[in-house]
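Heads up: the sequence lines are chains Z and D, in that order.
Using my numbering, you'd call the opening residue of the first sequence number 1 and step up by one each time.
Using my numbering, you'd call the opening residue of the second sequence number 1001 and step up by one each time.
Following: one structure in structure tokens, then a few remarks.
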Amino acid sequence: MNNLIALIPLLPFIGFLINGLGRKALSKGVVSIIGSGTVLASFIISVLIFVYHYYSATPIRYFDFIHVGTLNIPFAFQVDQLSTLFLLIITGVGFLIHVYSTSYMHEEKSEHFGRYFAFLNLFVFSMLLLVLGANYIIMFIGWEGVGLCSYLLIGYWFKNINYTKAANKAFVMNRIGDLGFLLAVFWLIARLGTVSYDEVFSNLGKLSHGDILGITLLLFVGATGKSAQIPLYTWLPDAMAGPTPVSALIHAATMVTAGIYMIARSNALYALAPVTNNIIAIIGAATALLAATIALRQNDIKKVLAYSTVSQLGYMFLALGSGAYVAAVFHVMTHAFFKALLFLGSGSVIHAMSGQQDIRYMGGLSKKLKVTYITFLIGCLAISGIPPFSGFFSKDAILLSAYEHNKILYIIGVITAALTAFYMFRLLFITFNGKFRGTEEEAHHVHESPAAMTLPLIILAILSVIGGFVGVPGVMMRGGEKLADYLSPVVPVMEHQVAGSTEMILMVITTVIAIAAIAIAWMRYKTYKEESVSPVSTFFSNKWYVDELYDTIIVKPIQKLGAIANTYFERLGIDALVNGVGKMVNYGSRQMRWLQSGQVGSYVLLMVVSMVVFFVLEFFLKR
Amino acid sequence: MPINYYIYLSIALFIIGIIGVLTRRNAIIIFMCIELMLNAVNLLLVAFSKMHHLLAGADNAFAGSDAQLFVFFIMVVAAAEVSVGLAIIVMMYRNTHSVDVNFLNRLKH
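See the structure below:
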């Protein structure tokens, strides 16, 4: 069984090697089969683990990865309930997205098609390594791997300079976060001499309060980078430059939840750091609200979904900060379903519109794209938290824990929920309702996507509907919180302090608010008209000018500094030194040229003179 | 006879050789001057060898004649070397119609 577990990440890696090395030789069909097949095989193994409960509290060791002095970091996998859940999400949703990609990317050249699948498989490999690793170092390898693949796939169409810049931005932002992660790992090694989860969590008593605060905060910095939280979230909306299935897989369903996985995995550490938890909750709530307000006024279908992702990730951090780890993981799962669905749906729309992403030039697509429309509607209902769709249960669990943690954060959460419902249905109505506003040619071209694209949509839609039933609140159904029971060996379950009746009232409130927001969106956007421009809306549509702010306070000064260093250190210092050496040699040799006259006599004379000089030195001066 | 005379003679021969090499341009004369320097050294070798054995207390007339044997060998080898050198000079003359060494600065270019 241990070998079988090793196969889970290894299979996509083999797929990566085959597709990457053979991209020029293999046909698109073969690439598709290898790309999707390896992930499907990993999914099947993950299901086997899930079905046969092959969990172990102790890590499965394969070999020594680093062994220096007293520090021993084994290459080991941790297969427990938490990692298995993530395995299922990554390989399951990943497989659907691979299948979807075979159709979506079909117009690419065969060579680039192979490259795309190679990167996608490498991503799945890294992500599996991240969740399977039994210590922070293995997690970090996966963590860097997914960052790399994210970079490669955002810049997949590398001939477009803006896309390349977006890829760079994503990579740099992630690196800033990674530094925090790395420092936290160093701190752990310095204090405990180990990075294995089981050893770290059983030795927490050896850490002082300062240590725990520092480590948790640094780990959280890592999480803000990867999971797009304030202040490092600006890369995620730009990451929409990548192909849409990539956005669905990496920037919605899996990679961006790595930060949540990491903190949920380290829950024992975070349980001892109330200050960090408060910071996480506040940043999560702030991010959720900020991103939701920006999403209100975006006109690019993928940008709306990107900001919605940032906002939902904020929700998850709000849950983590409130101590509701199960709720956060629950939302990761449901979010993976409905956000992947929404992204793939938007991909289907973009595909039908031949690349058009601006919703102002869409409209009336519901008649022609029936499957896409219905699945997209389900996704919107799920993300808006309408019962009985999956988003309702996970969002409710988060809001309940926020309510118990802090009333202000709860109110922010509810406002965000209302905004979420509003902007998602604004998107839905503008895109699918009303009259078609594109060109004649586009109108003629609009068609439903092929089965390889609609099938994943349908499966994800079904999952978005039923996915929430694994976490039905106890007040509704006794023993309904199956996910919490399932995860209880790894993640502590928070007992609710509020009365059942209060819980019910909270649920009703959020539902009513969400429905009201949908109704407002319906009245406002059932027929499309130009949106009015006000200072507030300009502020939102310009994303709170955060990019400009970062540009002014960070990018520009660094570029200035670089320019100064360039003029003074590079050109006047290093260049001058290097060129000076060359010039000196040049000048010196020109002066020495007369020595090589070609006259044998002068050579002999020099020889004799120098011999005489040596004789004089040897016999008369050496005393 | 004191050793000093031998030393003075061979230094004189050697310096004559050097001056000849430095000042003359005719390749054959330079060659002869080189031979002169070589033989100055040979002379010194024989003289020192005799002195060395006499100082060590040898009493027969053949003591120290091993250097003379050496010198014969050196002369043989020098004769072989001279034949090579003269051959080069002959080739040089055939190519340039001159034995002037200052004429041989073509390698510079």
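Yeah, the Cβ is synthetic: ideal placement off N, Cα and C, and Gly gets one too.
For residue i, does the count of other Cβ atoms within 10 angstroms reach 16, so buried, or fall short, so exposed?
i	result
Y1093 of chain D	exposed
T527 of chain Z	exposed
N2 of chain Z	exposed
W235 of chain Z	buried
N542 of chain Z	exposed
V585 of chain Z	exposed
I294 of chain Z	buried
A352 of chain Z	buried
V146 of chain Z	buried
T510 of chain Z	buried
H445 of chain Z	exposed
R571 of chain Z	exposed
Q596 of chain Z	exposed
K622 of chain Z	exposed
E404 of chain Z	buried
E503 of chain Z	buried
Beta strand (DSSP E) containing residue i: first to last residue?
i	result
L67 of chain Z	The question names Leu, but residue 67 of chain Z is His in the sequence shown. Note, H67 of chain Z: beta strand (DSSP E), 60 to 68.
I73 of chain Z	71 to 77
Since residue i contacts residue j with CB under 8 Å, what's their CB separation in whole angstroms?
i	j	result
T334 of chain Z	G468 of chain Z	6 Å
G94 of chain Z	V51 of chain Z	The pair is not a contact, with the Cβ atoms about 19 Å apart (cut-off 8 Å).
L122 of chain Z	F43 of chain Z	L122 of chain Z to F43 of chain Z, Cβ: 17 Å. No contact.
G438 of chain Z	M362 of chain Z	7 Å
I320 of chain Z	I280 of chain Z	Here residue 320 of chain Z is Leu; the residue named in the question, Ile, does not match the sequence. That belief holds up - the Cβ atoms of L320 of chain Z and I280 of chain Z are roughly 6 Å apart, short of 8 Å.
S464 of chain Z	I378 of chain Z	6 Å
I73 of chain Z	V256 of chain Z	I73 of chain Z to V256 of chain Z, Cβ: 27 Å. No contact.
L1022 of chain D	V608 of chain Z	7 Å
G471 of chain Z	A402 of chain Z	Contact flag wrong, Cβ pair sits at about 16 Å.
Y116 of chain Z	E108 of chain Z	7 Å
V246 of chain Z	L427 of chain Z	The Cβ separation is near 20 Å, so there is no contact.
G214 of chain Z	D178 of chain Z	Incorrect: roughly 17 Å between the Cβ atoms, too far for contact.
I250 of chain Z	L71 of chain Z	About 32 Å; that fails the 8 Å criterion.
For the alpha helix (DSSP H) that contains residue i, what are its first and last residues?
i	result
P557 of chain Z	556 to 565
I230 of chain Z	Unbroken run through I230 of chain Z: none, as it is neither H nor E.
I574 of chain Z	Here I574 of chain Z belongs to no alpha helix (DSSP H), and DSSP marks it neither H nor E.
T276 of chain Z	274 to 295
T538 of chain Z	535 to 541
Y307 of chain Z	301 to 321
E199 of chain Z	197 to 202
M1032 of chain D	1027 to 1055
Y151 of chain Z	136 to 154
D547 of chain Z	546 to 550
Q1068 of chain D	1066 to 1096
E440 of chain Z	440 to 445
D485 of chain Z	482 to 487
L26 of chain Z	Here L26 of chain Z belongs to no alpha helix (DSSP H), and DSSP marks it neither H nor E.
D178 of chain Z	161 to 192
Y525 of chain Z	500 to 525
Quick check: what's the CA-CA separation for residue i versus residue j?
i	j	result
N267 of chain Z	S534 of chain Z	44 Å
I141 of chain Z	F65 of chain Z	12 Å
I14 of chain Z	L129 of chain Z	14 Å
V1101 of chain D	N1060 of chain D	49 Å
I33 of chain Z	Y568 of chain Z	56 Å
S1049 of chain D	G1057 of chain D	13 Å
H331 of chain Z	R61 of chain Z	31 Å
V455 of chain Z	F376 of chain Z	Residue identity differs from the one stated: residue 455 of chain Z is Leu in this sequence, not Val. Between L455 of chain Z and F376 of chain Z, the C-alpha separation is close to 13 Å.
E624 of chain Z	V414 of chain Z	With chain Z running from 1 to 623 in the structure shown, residue 624 of chain Z is simply not present.
M1001 of chain D	L1036 of chain D	23 Å
G1019 of chain D	S1010 of chain D	Sequence check: residue 1019 of chain D is Ile here, not Gly. Cα to Cα, the separation comes out at about 14 Å.
Q229 of chain Z	L182 of chain Z	18 Å
P59 of chain Z	P388 of chain Z	38 Å
N1042 of chain D	A576 of chain Z	58 Å
R1024 of chain D	Q599 of chain Z	12 Å
K556 of chain Z	T164 of chain Z	19 Å
L1054 of chain D	Y603 of chain Z	41 Å
F432 of chain Z	L365 of chain Z	4 Å
S449 of chain Z	F86 of chain Z	29 Å
A417 of chain Z	A514 of chain Z	7 Å
V493 of chain Z	L218 of chain Z	25 Å
S346 of chain Z	M476 of chain Z	34 Å
I558 of chain Z	D551 of chain Z	10 Å
Cβ-based contacts, 8 Å cut-off: residues of the stretch 592 to 616 of chain Z near chain D: Q596, S597, G598, Q599, V600, G601, V604, L605, V608
Interface residues of the stretch 1088 to 1105 of chain D facing chain Z [CB-CB below 8 Å]: V1101, N1102, L1104, N1105
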